[in-house]
Amino acid sequence: MDTQTTKRYNYWQWRTLITLMIGYALYYFVRKHFSIVMPAMEETLGISKVQLGLFLTLNGIIYGLSRFVNGFLADRFNRRKLMTAGLILSALTNLAICFSPSMNSFMNVLDTDGKATMALVYIIGSLWVLNGYFQGMGVPPCISLMCHWIRPEELATKQSIWNASHSIGAGLISLLCGFLLKHYGYSAWQLCFAIPAAIAIIGAIALFFTLKDTPSSVGLPEIEEIEKEEKGESCDNAPAQEMSGSDFKKFINRMVFRNPLIWILAFGNFCVYVVRFTILDWGTTFLTQYKGMEIATAGTVVAVSELVGGIAGMMLAGWFTDKFMKSRAHRTCFICTVGATLSFFLFWKSPEGANWLAAIFLCLSSFFIYGPQALLGTSASNQATKHACATANGILGIFGYASTVISGLVFGFLADKSWDLVFLVSVIIGIVGSVIIALMWKAPANGYEKAEAVMKEIEKG
Numbered sequence: 089m090d091t092q093t094t095k096r097y098n099y100w101q102w103r104t105l106i107t108l109m110i111g112y113a114l115y116y117f118v119r120k121h122f123s124i125v126m127p128a129m130e131e132t133l134g135i136s137k138v139q140l141g142l143f144l145t146l147n148g149i150i151y152g153l154s155r156f157v158n159g160f161l162a163d164r165f166n167r168r169k170l171m172t173a174g175l176i177l178s179a180l181t182n183l184a185i186c187f188s189p190s191m192n193s194f195m196n197v198l199d200t201d202g203k204a205t206m207a208l209v210y211i212i213g214s215l216w217v218l219n220g221y222f223q224g225m226g227v228p229p230c231i232s233l234m235c236h237w238i239r240p241e242e243l244a245t246k247q248s249i250w251n252a253s254h255s256i257g258a259g260l261i262s263l264l265c266g267f268l269l270k271h272y273g274y275s276a277w278q279l280c281f282a283i284p285a286a287i288a289i290i291g292a293i294a295l296f297f298t299l300k301d302t303p304s305s306v307g308l309p310e311i312e313e314i315e316k317e318e319k320g321e322s323c324d325n326a327p328a329q330e331m332s333g334s335d336f337k338k339f340i341n342r343m344v345f346r347n348p349l350i351w352i353l354a355f356g357n358f359c360v361y362v363v364r365f366t367i368l369d370w371g372t373t374f375l376t377q378y379k380g381m382e383i384a385t386a387g388t389v390v391a392v393s394e395l396v397g398g399i400a401g402m403m404l405a406g407w408f409t410d411k412f413m414k415s416r417a418h419r420t421c422f423i424c425t426v427g428a429t430l431s432f433f434l435f436w437k438s439p440e441g442a443n444w445l446a447a448i449f450l451c452l453s454s455f456f457i458y459g460p461q462a463l464l465g466t467s468a469s470n471q472a473t474k475h476a477c478a479t480a481n482g483i484l485g486i487f488g489y490a491s492t493v494i495s496g497l498v499f500g501f502l503a504d505k506s507w508d509l510v511f512l513v514s515v516i517i518g519i520v521g522s523v524i525i526a527l528m529w530k531a532p533a534n535g536y537e538k539a540e541a542v543m544k545e546i547e548k549g
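Using the working numbering, the letters of the sequence shown correspond one by one to residues 89 to 549.
Given below as structure tokens:
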């Protein structure tokens with residue numbers, strides 16, 4: 089590329105990455121506030137913990153399935169429109185929840201004490217489950233757009249930067265809802281749905297006009313063309329987007345569903361998410377009940393571990409992959425999974441009363457686990473190539489959120505018997521995950537050469 093084209097390409101690449109970070113952070117505005125608002129809904133509307141927990145469980149299941157469905161759509165259709173539509177629909181669902189008690193004027197959704205009837209419980213629950221599907225329209229376009237705009241040898245670093253949007257969005261919405269509930273009381277729970285929804289709608293409109301689907305849509309060469317030009321090769325392969333529907337399905341089948349590397353990554357993702365959700369969902373509880381920490385101290389430790397892991401650990405892992413592992417993200421994932429498992433084991437076995445040591449090992453567990461949490465998806469993107477990356481990540485998403493069966497239901501059962509059983513199973517699953525990911529140690533950094541061969545086979549029929 090000439091100097092002017094390089095400058096334009098860098099500008100659009102960073103503009104796309106920053107826009108995706110802001111856009112996905114806004115997805116969290118209309119998703120991650122629910123757990124913060126639950127105590128207010130419980131007190132104000134009388135919705136039980138069991139009912140609220142069921143909403144969260146069903147939302148998570150639908151979210152995982154939605155990521156798979158929309159992953160296929162993101163690989164085939166306009167990603168900008170898909171991401172914008174998902175954010176707007178999620179915001180509208182939040183507004184519907186906000187105004188659902190107002191339906192009492194023509195339908196009895198509140199009893200004489202102003203508490204929720206089963207009708208309102210079903211309405212709010214159904215809307216939140218529906219929101220799980222709309223939320224699944226966020227990640228696939230982001231994954232696909234990054235693969236279209238960022239070279240494979242830079243993807244680990246820059247996708248790790250994008251992953252920080254999770255922590256940014258969750259942190260900002262926590263502050264906003266915390267402020268609203270503190271200053272206006274639990275009766276203002278509806279504001280925690282209405283205000284984030286309004287912000288998300290405004291952001292979605294900006295997203296629509298700011299994002300561009302591919303480099304060619306702004307007159308720039310595609311990634312493959314740039315790399316072939318630099319190598320002095322001709323660009324004689326049509327991109328997958330130009331294949332017919334049947335040919336594209338054949339391509340997806342070979343590069344994703346019949347690709348053993350994708351399934352290794354998916355099973356590895358299951359194990360990584362078990363360890364991650366164990367720390368995230370049970371951290372405060374086992375720090376207080378097993379390690380004897382004060383609740384405020386335990387909450388602070390978990391928050392710090394999330395920040396250390398969610399931002400520092402993830403970004404460092406991405407940089408390390410491109411700098412020292414020649415963009416072989418799966419190798420960094422193996423190293424980090426071993427590190428996380430060992431750190432969690434040391435946390436478990438830390439001496440009684442040495443809370444500072446337990447806190448250090450828990451933070452180290454998060455530091456290491458967020459590397460593979462981000463980079464397994466990066467590896468799947470590179471192995472499936474930009475033409476099928478969202479579908480591949482959809483499979484990883486299903487396996488990741490299926491892990492809540494272990495980290496939620498099974499560990500809840502085991503914790504009633506002994507926390508030692510929870511820690512033992514977590515460590516075993518961490519070891520299994522390390523072994524699974526190690527199976528692809530010698531795999532190439534990406535699957536673009538394989539994709540070229542597959543395309544030629546499809547063209548020959």
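Note that beta-carbon positions come from the ideal geometry of N, C-alpha and C, so glycine has one too.
Computed from a prediction, not measured in an experiment: that's the story for all the values here.
Completely contained alpha helix (DSSP H) runs for the stretch 201 to 288, where each covers 4 or more residues: Runs of the alpha helix (DSSP H) inside the stretch 201 to 288: 206 to 223, 227 to 237 and 240 to 272.
Cutoff 8 Å; reference Gly148; Cβ partners in own chain excluding five residues on either side: Gly220, Tyr489 and Thr492
Residue burial classification, Met381 (beta-carbon count within 10 angstroms, cutoff 16): That one is buried.
CA nearest to the CA of Ile289, picked from Thr473, Thr181 and Ile231: Thr181
Status (buried if at least 16 other CB within 10 Å, exposed otherwise) for Lys203: Burial state of Lys203 is exposed, judged by a 10 Å Cβ sphere holding fewer than 16 other Cβ atoms.
Contact between the stretch 439 to 451 and the stretch 464 to 473 (3+ Cβ pairs under 8 Å): Not touching, per the Cβ criterion.
Contacting residues, own chain, Cβ-Cβ under 6 Å from Cys280 (five flanking each side not counted): So the list reads His121, Val125, Cys265 and Leu268, once near-sequence residues are dropped.
With 16 other Cβ atoms within 10 Å as the buried cut-off, status of Ala472: With 16 or more Cβ atoms within 10 Å of its Cβ, Ala472 is classed as buried.
Nearest-angstrom Cβ-Cβ length linking Phe156 and Ile486, presumed shorter than 8 Å: With 8 Å as the limit, Phe156 and Ile486 qualify as a contact, their Cβ atoms being about 5 Å apart.
Every unbroken alpha helix (DSSP H) inside the stretch 436 to 494 [4 residues or more]: 443 to 472 and 477 to 490
Buried/exposed call for Ser504, threshold 16 Cβ in 10 Å: Note that residue 504 is Asp in the sequence shown, not Ser. Looking at its Cβ environment, which holds fewer than 16 other Cβ atoms inside 10 Å, Asp504 is exposed.
Proximity to Asn166 [Cα-Cα], best of Pro229, Tyr274 and Gly500: Pro229
Sequence-distant residues of its chain with Cβ nearer than 8 Å to Val515 (five each side left out): Thr429, Phe432, Phe433 and Trp436
Endpoints, the alpha helix (DSSP H) within which Gly415 is located: The question names Gly, yet the displayed sequence has Ser at residue 415. Neither: Ser415 is in no alpha helix (DSSP H) and is coded neither H nor E.
C-beta contact flag for Gly406 and Ser248 at 8 Å: yes
Of the listed residues Gln278, Gln139, Gly549 and Ser304, nearest to Thr93 (C-alpha basis): Minimum Cα distance to Thr93 is reached at Ser304.
Rounded separation between Gly111 and Thr385 - CA only: 33 Å
Alpha-carbon spacing of Gln139 relative to Ala391, whole angstroms: 26 Å
Spatial distance of Leu263 from Met129 (CA atoms): Put simply, the backbone Cα of Leu263 is about 18 Å away from that of Met129.
Exposure label - Ala541; buried when at least 16 CB within 10 Å: exposed
Cβ neighbours of Ile494 in the same chain (closer than 8 Å, five flanking residues each side left out): Val362, Val513 and Ile517
Cα-Cα separation between Tyr115 and Ile176, rounded to whole angstroms: Approximately 9 Å, taken between the alpha carbons.
Environment of Arg342 [buried if 16+ CB atoms lie within 10 Å]: Within 10 angstroms of the beta-carbon of Arg342 lie 16 or more other beta-carbons, which makes it buried.
The stretch 476 to 483 contacting the stretch 230 to 245, beta-carbon criterion three pairs below 8 Å: yes
Spatial distance of Leu308 from Asp335 (CA atoms): 26 Å
Supposed contact pair Ile519 and Gly356 - C-beta distance, whole angstroms, cut 8 Å: No, Gly356 and Ile519 are not in contact; Cβ-Cβ is about 12 Å, not under 8 Å.
Leu404, DSSP secondary structure in three states: helix
Distance, Phe339 Cα to Leu502 Cα: 44 Å
CB-CB length for Gly401 against Ser454, believed under 8 Å: 7 Å
Reference Ala539; option with closest CA among Val344, Pro460, Gly387 and Gly549: For Ala539, the closest alpha carbon among the candidates Val344, Pro460, Gly387 and Gly549 is that of Val344.
Environment of Gln278 [buried if 16+ CB atoms lie within 10 Å]: buried
Given Thr409 as reference, the closest of Lys95, Gly397 and Ala244 once Cα atoms are compared: Ala244
Cβ pair Phe222, Gly174 closer than 8 Å: Yes, the Cβ-Cβ distance between Phe222 and Gly174 is below 8 Å.
Selection from Pro348, Leu105, Ala533 and Ser136 that minimises the alpha carbon distance to Tyr210: Comparing Cα positions, the closest option is Ser136.
Three-state secondary structure (DSSP) of Leu133: Leu133: helix per DSSP, three-state reduction.
Per-residue DSSP class, three states only, for Leu198: strand
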